[in-house]
Amino acid sequence: MDIPKKVSRRREHIVKATIGVLVAAATLLSYSRITNLISSDVVDSGEFVIESVELGSVSREVRATGTLVSSDLRLIAATVDGTVESISVDAGVNVAADSVILQLNNPTIARDADTARIDLRVMEAQAAAHAKQLIANRLAQEAIVAEYEALHENALFRVDANSSLSEDNIVSELDVIEAELRERQYRTQLALERQKLEHLIDLNESENTARQAEIDRAVRQLALSEELLDDLTIRAGINGALQEVAVEAGEQVSVGAFLASVASVDNLKAELRVQESQVYDVRLGQDVIVTAGGDKARGRITRIEPSVRDGVVIVDVGFEHHPLPGARPDLRVEGVIQTGFVTDVMTIQRPVFSRENSESDLFVLDETGSRAVRTQVRLGVGSVSTMEVVSGLNMGDRVIVSDTSGFQDRDIIELGD
Numbered sequence: 001m002d003i004p005k006k007v008s009r010r011r012e013h014i015v016k017a018t019i020g021v022l023v024a025a026a027t028l029l030s031y032s033r034i035t036n037l038i039s040s041d042v043v044d045s046g047e048f049v050i051e052s053v054e055l056g057s058v059s060r061e062v063r064a065t066g067t068l069v070s071s072d073l074r075l076i077a078a079t080v081d082g083t084v085e086s087i088s089v090d091a092g093v094n095v096a097a098d099s100v101i102l103q104l105n106n107p108t109i110a111r112d113a114d115t116a117r118i119d120l121r122v123m124e125a126q127a128a129a130h131a132k133q134l135i136a137n138r139l140a141q142e143a144i145v146a147e148y149e150a151l152h153e154n155a156l157f158r159v160d161a162n163s164s165l166s167e168d169n170i171v172s173e174l175d176v177i178e179a180e181l182r183e184r185q186y187r188t189q190l191a192l193e194r195q196k197l198e199h200l201i202d203l204n205e206s207e208n209t210a211r212q213a214e215i216d217r218a219v220r221q222l223a224l225s226e227e228l229l230d231d232l233t234i235r236a237g238i239n240g241a242l243q244e245v246a247v248e249a250g251e252q253v254s255v256g257a258f259l260a261s262v263a264s265v266d267n268l269k270a271e272l273r274v275q276e277s278q279v280y281d282v283r284l285g286q287d288v289i290v291t292a293g294g295d296k297a298r299g300r301i302t303r304i305e306p307s308v309r310d311g312v313v314i315v316d317v318g319f320e321h322h323p324l325p326g327a328r329p330d331l332r333v334e335g336v337i338q339t340g341f342v343t344d345v346m347t348i349q350r351p352v353f354s355r356e357n358s359e360s361d362l363f364v365l366d367e368t369g370s371r372a373v374r375t376q377v378r379l380g381v382g383s384v385s386t387m388e389v390v391s392g393l394n395m396g397d398r399v400i401v402s403d404t405s406g407f408q409d410r411d412i413i414e415l416g417d
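Numbered per our numbering, the sequence shown spans residues 1 to 417.
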C-alpha cells in the first residue's frame, strides 16, 4: 500500500522541477530583454550625427543613373574593299579630325591610280603636240591666203593698167581680157583660201575642245582613283574621342563595312535611365543636377523618350554651360531631377539608407538627450539632403540620422558625452 504514495511524491518532484526550469528560463529571457532595452554600454553621442525635426520644404526629386552621350557621333564605314593593314589608334583616345585611325590596303586601287596618272600625262603631251601641229597648219594656210591676196592685187593693177593703155591703143583688147580673166581667177582662189582658213580655224577649235574633254575625263578619272586611294586611309573626320574600332589587323572588309566610331566631346548630353514608375513626374525643362566622381553640373531635360524599354525611360539632359570636368562619352553619371517642392511640412536631414515613401526605424533622443529609443517613422518625399516626415516624429524631436546598422540588436542606445 506504500508504493502508490512513493510514485505520487516522485511525480510531484518532477512537476516542481519543471516549473523551476521554466521560471529560470523566463527570468533569463526577461533579463536578456532588459539588458537589450537598457544596455550597460554607453556610446559617445559624438559618434552620431543628430538632427532636429523642423518645419520646412522638400524638393521632390527623381534619381537616375546614366551615361554621357555625344550629340555628334560619326560612324565610319568602308567606302572601298581592302585589307586592314594597321591600326594607329586604340578606342578611348582623343583624336583630331585628321587623325589616322587605321590603314587599309588594296593593290588594285593603287595600280589604277598609277595608271590614271600616267594616262593623263600622255594625253596632256599628245594634246600639246597636236596643238602645235594645228598652229603650224593655220600658219601655212594664212601664208597661202597672203600669197593669193598679193596675186589678186597685182591682177587688179594689171586690169586697170591695161584698160588705160587700151584706150590709147597701146595694148590689144586681148591683153585686157586676159588681165581681167586672171584677176577673176585670183579673186575666186583667194575667196576659197580664205574659206579654207576659216574652216581650219573652226576645225582646230573643235579638235582642241575634243582633246581638252579627253584630258578633263582623264583628270576626273585620276581624281577618282586618288580619292579611292585616299579612302584606304581611315581618318577620324571630327575632333572627339574614338569610341570603337570594330576591325582587327589583317581582316578583309567590304564596301559599307562598319570600321569605327568617333564621338565629339564638344557637345555632350546625359542620357538618364529613369524607372517607369517615376517618370510620370518628369517634364521637359525641369532642372537636373548631374554628378560624376564628385563633380557636379547643372542641366535641363531636353527630351523624354516616348517608349519604355526594359522598365526604364531614356531622358536626355542638356547642360546649361559646360559639362562635367573631364567629361567624355560613355562616362557613368548620376542625375537628380527636381520635379517640384513640398512646403510647410516636417522635415529632417536625410537619414542614412532611407528611402522615399517608406517606413524606417530611427533612434529618437529623449528629453534628457542621454537615451535614444528605436522608433518607427513614416517618411515621405525626399531630396538628396532632406526627407519629409509623415508620422512617428514631432516638431523639435532630435533624431540620429547617421549609420546605426551596428545597433540592430538594440532598441535603446545609452548616450554619453
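We treat Cβ as the ideally placed atom computed from N, Cα and C, and that holds for glycine. Just so it is clear, the structure is predicted and the values come from calculations on it, not from any experiment.
Nearest-angstrom Cα separation, counted from residue j out to residue i
i	j	result
residue 386	residue 404	18 angstroms
residue 82	residue 75	18 angstroms
residue 63	residue 296	14 angstroms
residue 312	residue 335	14 angstroms
residue 88	residue 243	14 angstroms
residue 292	residue 321	16 angstroms
residue 48	residue 397	15 angstroms
residue 72	residue 240	9 angstroms
residue 246	residue 226	25 angstroms
residue 43	residue 51	17 angstroms
residue 67	residue 298	15 angstroms
residue 416	residue 45	6 angstroms
residue 402	residue 53	15 angstroms
residue 117	residue 219	8 angstroms
residue 155	residue 185	9 angstroms
residue 289	residue 331	15 angstroms
residue 406	residue 362	13 angstroms
residue 269	residue 215	51 angstroms
residue 133	residue 160	41 angstroms
residue 284	residue 365	43 angstroms
residue 222	residue 123	12 angstroms
Residue i in three-state terms, based on DSSP
i	result
residue 57	strand
residue 123	helix
residue 381	strand
residue 339	strand
residue 103	strand
residue 139	helix
residue 368	coil
residue 219	helix
residue 176	helix
residue 418	Any question about residue 418 goes unanswered here, given that the chain covers just 1 to 417.
residue 320	coil
residue 326	coil
residue 388	strand
residue 76	strand
residue 238	coil
residue 83	strand
Top-ranked residue by Cα proximity to residue i, from the options
i	options	result
residue 327	112, 153, 69, 50	69
residue 343	160, 121, 275, 389	389
residue 58	414, 380, 401	380
residue 254	369, 364, 267, 231	231
residue 249	204, 102, 132	102
residue 340	281, 273, 200	281
residue 65	337, 362, 195	337
residue 195	277, 144, 283	144
residue 149	134, 124, 192, 135	192
residue 106	258, 273, 229, 199	229
residue 236	400, 77, 55	77
residue 464	151, 324, 132, 234	Since the first residue of the chain shown is 1 and the last is 417, residue 464 is not available in this structure.
residue 274	56, 209, 333, 217	333
residue 301	56, 174, 272, 277	272
residue 137	393, 222, 207	207
residue 279	367, 104, 303	303
residue 142	201, 173, 358, 323	201
residue 251	104, 122, 187	104
Counted within 10 angstroms of its Cβ, other Cβ atoms place residue i as buried (16 or more) or exposed
i	result
residue 413	buried
residue 38	Bear in mind that a pLDDT of 45 at residue 38, under 50, signals an unreliable position, so the model cannot answer this.
residue 316	buried
residue 153	exposed
residue 99	buried
residue 395	exposed
residue 32	Residue confidence for residue 32 is low, a pLDDT of 47 falling below 50, so the modelled location carries little weight and cannot support an answer.
residue 319	buried
residue 471	One cannot answer for residue 471 here, as it falls past the ends of the chain, which runs 1 to 417.
residue 391	exposed
residue 135	exposed
residue 205	exposed
Cβ-heavy atom distance, residue i to the ligand MN, below 7 angstroms
i	result
residue 87	By its list of ligands, the structure shown contains no ligand whatsoever, and the ligand MN lies outside what it can speak to.
Segment contact flag, the region 256-269 with the region 124-136, C-beta cutoff 8 angstroms, min 3 pairs
no
For the region 368-383 against the region 77-93, are there 3 or more C-beta pairs whose distance is under 8 angstroms?
no
Can at least three beta-carbon pairs, one atom from the region 344-363 and one from the region 300-318, be found at a separation below 8 angstroms?
no
Contact the region 106-118 vs the region 175-187: 3+ CB pairs below 8 angstroms
no
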